[in-house]
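Take 1 as the starting number for the sequence shown in our numbering and just add one per residue.
Every residue gets a Cβ at the ideal spot worked out from N, C-alpha and C, and that includes glycine.
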Amino acid sequence: MPLGTLDETTSTLIHSPAGPDPEWWRTAVIYQIYPRSFADADGDGIGDLPGITARLHHLAELGVDAIWLSPFYTSPQHDAGYDVADYRQVDPRFGTLADADALLARARELGLRVIVDLVPNHTSDEHEWFQAALAAAPGSAERNRYIFRDGRGESGEEPPTNWESVFGGRAWTRITEPDGTLGQWYLHLFDSHQPDLNWENEEVRAEFDDVLRFWLDRGVDGFRVDVAHGLIKDQEFPDWGGHTTMVGGQDDDSVEAGDRPQAPMWDQPGVHEVYRRWHRVLADYDGDRALVAEAWTDTPEALARYVRPDEMHQAFNFDFLCTRWDASELRASITRGLTTSDEVGAPTTWVMSNHDVVRASSRLGLAETGKGPNGIGAEDTQPDAALGLRRASAAALLMLALPGSAYLYQGEELGLPEHTALPDQLRQDPAFFRTEGAEKGRDGCRVPLPWEADAPGFGFSPTGTTWLPQPEDWASFARDAQMDQPGSTLELYRAALRLRAEWELGAGSLAWVDGLPGAARDSVLAFQNGSVLVLVNLGEQDLRLPEGTEVLLASADLSGSGDGAAVLAPDVTAWVQLPQV
Ligand code: NOJ
């Protein structure tokens, strides 16, 4: 099917270019580092801060603007560091505060901004506050930093509400009081080792102002805020009929998003006051520091409330991540993302992968695309690896051509698939245990990175030790096997990031192009960002590009026609330069 010329097409502008000199976070490509799996310097098989510092130049070379570090603070690691015991200290597994300072200094040298993770919804049960709460009496100031309640039933044997933990099982655990009797219950929306803080308590708020300042004083450029929609709970503590997923409403797809009853633990109006306060803390510092919300809200409109001018700066656009590989659904999601954030003057973020979801190159190879399952096991239906990688590459070129900020998850630039054959006895994700294996969990997307094809542990660690085993066939994914290799995923990402910067796509505009011929009308996503036309073929037929088309970049070979004309095959994206007028 030939594209013909663009003469018969029409375009609809839905997003205008950013103003001059936008703040860095409006357009930045931000690379997520999951410290335990990025690079290990001391040889214990767990990645660490010196390992990151030593490899940071590779990220500058890749062309990203900033890094986001998942938690590296003192933690018993019941949820891979999202259970923080000391917010102002580095866990010895990852290094020291001096190592954190060295990392920040190296990043600065390389021109990379640094965002760190902040986990305010809950602490570790080993945090000194929680230990003090356990030792104190019901009703004490120490207990009031968390959410302790008496149980229901004659002797308090029933939990205070029926809420479930996101990781499965009950969201309440009963404690033994210091005198040895069975006592109160505490709330943990996640693992029982992650007690929820009481954000109604001013002492908690003041403490986090101080934690923010601690890291801002050390020079960080911002914070990724964990479970940003969870801090405030409905103080009536009503029972809740829905299953507690991370999503603001409930997981009842028969009811339209936005019309679902609001879950009492998510997205309560009171959270916004916390972020207004943090906005003011950041505003005291120079250099455009930023807050990014991890908020799983029911609708994009609800998400936009987190990025109003006096709150956070960015919020992860999970709507895009959860969208199926389908032209009209992607178009609708992109339009929603841009228009709802435009209304509050915030940039959109684009994200396809992180440490909580099945890697995009595997997810997109499943029969059912979209958010995907919580992990894949050896006995589950396996993704089509070739199809998944092809689509993930096309999706990457789609994402990186969109105006706004984009997030990459370590290994995404290598096209790394999910490890789908991890033995159960090696799994560490609490969700696997709390669901009694019904959910495999997130370990498969957290496997240590392959750096060198021929080194033990693929160069992740000097001893070859890795905290989770890497699939044996990962040599071809190793960074050194892909570097400077035409056609490799790494080279595709490098070229995309270079062109994105050159054409200022992050600060650009978006106009949908309609009126493509034949079947392409419904199955090819086409938009214009400045002088670049982006075509994503989500259909089943080839699309022949007009002679003389100036292709800037494509996610796969376009030379299928045999007669010299460029052909956009299914599951391929091309960036095309529009003729200058
Ligand atoms: C979201 C984080 O991304 C995830 O890894 C963690 O388990 C939960 N929040 C709880 O902190």
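Can you give me the Cβ contacts of residue i inside the same chain, cut-off strictly under 8 Å, excluding the 5 residues immediately before and after it?
{"i": "Glu142", "result": "Trp129, Ala132, Ala133, Ala135 and Ala136"}
{"i": "Glu439", "result": "Gly168, Pro373, Asn374, Gly375, Ala431 and Phe432"}
{"i": "Leu112", "result": "Leu56, Leu59, Ala60, Val64, Asp65, Ala66 and Ile67"}
{"i": "Leu104", "result": "Val114, Arg218, Gly219 and Val220"}
{"i": "Arg336", "result": "Pro300 and Asp319"}
{"i": "Ala507", "result": "Pro17, Ala18, Pro22, Arg26, Thr27 and Pro403"}
{"i": "Gly43", "result": "Ser461, Pro462, Thr463 and Thr465"}
{"i": "Thr420", "result": "Ser362, Ile376, Gly377, Ala378, Asp380, Gln382, Pro383 and Gly444"}
{"i": "Asp669", "result": "Residue 669 cannot be examined here, being either before or after the span of the chain that is shown, 1 to 581."}
{"i": "Val344", "result": "Ala304, Arg305, Val307, Arg308 and Pro309"}
{"i": "Val534", "result": "Leu397, Leu398, Ala401, Leu525, Ala526, Phe527, Gln528, Thr573, Ala574, Trp575 and Val576"}
Which term fits residue i, buried or exposed, when burial requires 16 or more other beta carbons within 10 angstroms of its beta carbon?
{"i": "Phe527", "result": "buried"}
{"i": "Phe190", "result": "buried"}
{"i": "Glu236", "result": "exposed"}
{"i": "Met483", "result": "exposed"}
{"i": "Asp117", "result": "buried"}
{"i": "Ala283", "result": "exposed"}
{"i": "Arg276", "result": "exposed"}
{"i": "Thr12", "result": "exposed"}
{"i": "His15", "result": "buried"}
{"i": "Phe214", "result": "exposed"}
{"i": "Asp125", "result": "buried"}
{"i": "Leu578", "result": "exposed"}
{"i": "Trp85", "result": "The question names Trp, but residue 85 is Ala in the sequence shown. Buried, by the Cβ-count rule."}
{"i": "Asp298", "result": "buried"}
{"i": "Arg108", "result": "exposed"}
{"i": "Thr381", "result": "exposed"}
{"i": "Asn95", "result": "Before going on, a small fix: residue 95 reads as Gly here, not Asn. Counting Cβ neighbours within 10 Å, Gly95 comes out buried, since at least 16 surround it."}
Keeping to the same chain, check which residues put their C-beta closer than 6 Å to that of residue i; ignore five residues upstream and five downstream.
{"i": "Asp542", "result": "Val567 and Ala569"}
{"i": "Ala392", "result": "Ala360, Ser361 and Leu364"}
{"i": "Thr466", "result": "Gly45, Pro448, Gly457 and Phe460"}
{"i": "Glu207", "result": "none"}
{"i": "Thr573", "result": "Ala394, Leu397, Leu398, Val536 and Ser555"}
{"i": "Gly47", "result": "Pro35, Arg36, Ser37, Phe38, Ala39 and Asp40"}
{"i": "Arg588", "result": "Within the shown structure, residues of the chain are numbered from 1 to 581, placing residue 588 beyond reach of any answer."}
{"i": "Glu329", "result": "Thr323"}
{"i": "Arg93", "result": "Ile46"}
{"i": "His78", "result": "Asp191 and His193"}
{"i": "Ala475", "result": "Ala453"}
{"i": "Pro383", "result": "Ser362, Gly365 and Leu366"}
{"i": "Arg498", "result": "Gly63"}
Can you name, in chain order, every residue of its own chain whose Cβ lies under 7 Å from the Cβ of residue i, other than the five neighbours on each side?
{"i": "Thr618", "result": "Within the shown structure, residues of the chain are numbered from 1 to 581, placing residue 618 beyond reach of any answer."}
{"i": "Asp356", "result": "Arg442"}
{"i": "Glu413", "result": "Leu62, Thr489, Leu490 and Tyr493"}
{"i": "Asp429", "result": "Gly441, Arg442 and Asp443"}
{"i": "Gly19", "result": "none"}
{"i": "Asp424", "result": "Gly437"}
{"i": "Asp234", "result": "Pro264 and Gln268"}
{"i": "Pro106", "result": "Before going further, note that residue 106 is Arg rather than Pro in the sequence given. Taken in chain order, the residues that qualify are Thr53 and Leu56."}
{"i": "Glu203", "result": "Arg145"}
{"i": "Trp24", "result": "Asp65, Arg113 and Asp288"}
{"i": "Ile232", "result": "Trp199, Gln268, Gly270 and Val271"}
Going by the beta-carbon positions, is the gap between residue i and residue j smaller than 8 Å?
{"i": "Trp172", "j": "Tyr186", "result": "yes"}
{"i": "Thr339", "j": "Asn317", "result": "no"}
{"i": "Gly441", "j": "Asn354", "result": "no"}
{"i": "Tyr82", "j": "Asp226", "result": "yes"}
{"i": "Ile334", "j": "Leu402", "result": "yes"}
{"i": "Asp514", "j": "Thr9", "result": "yes"}
{"i": "Gly487", "j": "Ala519", "result": "no"}
{"i": "Leu197", "j": "Val281", "result": "no"}
{"i": "Val576", "j": "Glu550", "result": "yes"}
{"i": "Arg446", "j": "Asp571", "result": "no"}
{"i": "Leu558", "j": "Ala496", "result": "no"}
{"i": "Trp503", "j": "Asp480", "result": "no"}
{"i": "Leu321", "j": "Lys371", "result": "yes"}
Check whether chain C comes within 8 Å of residue i, counting only Cβ atoms and requiring the distance to be less than that.
{"i": "Ser488", "result": "Of the protein chains in the structure, only one exists, and it is not chain C."}
Consider the C-beta atom of residue i and the heavy atoms of the ligand NAP; say whether any pair is separated by less than 7 Å.
{"i": "Glu294", "result": "No copy of the ligand NAP appears in this structure; the ligands present are the ligand NOJ."}
field: Any 3 or more C-beta pairs closer than 8 Å across the segment 394-409 and the segment 26-40
entry: Yes, the segment 394-409 touches the segment 26-40.
- request: Evaluate contact between the segment 86-99 and the segment 42-53, counting only Cβ atoms and requiring at least three cross-stretch pairs below 8 Å.
  value: Cβ pair count under 8 Å is three or more, so yes.
Inter-stretch contact (C-beta, 8 Å, three-pair minimum) for the segment 307-321 and the segment 289-296: Yes, the segment 307-321 touches the segment 289-296.
- request: Spell out a yes or no on whether the segment 265-276 and the segment 297-312 are touching, meaning 3 or more CB-CB pairs, one atom from each, closer than 8 Å.
  value: These segments touch.
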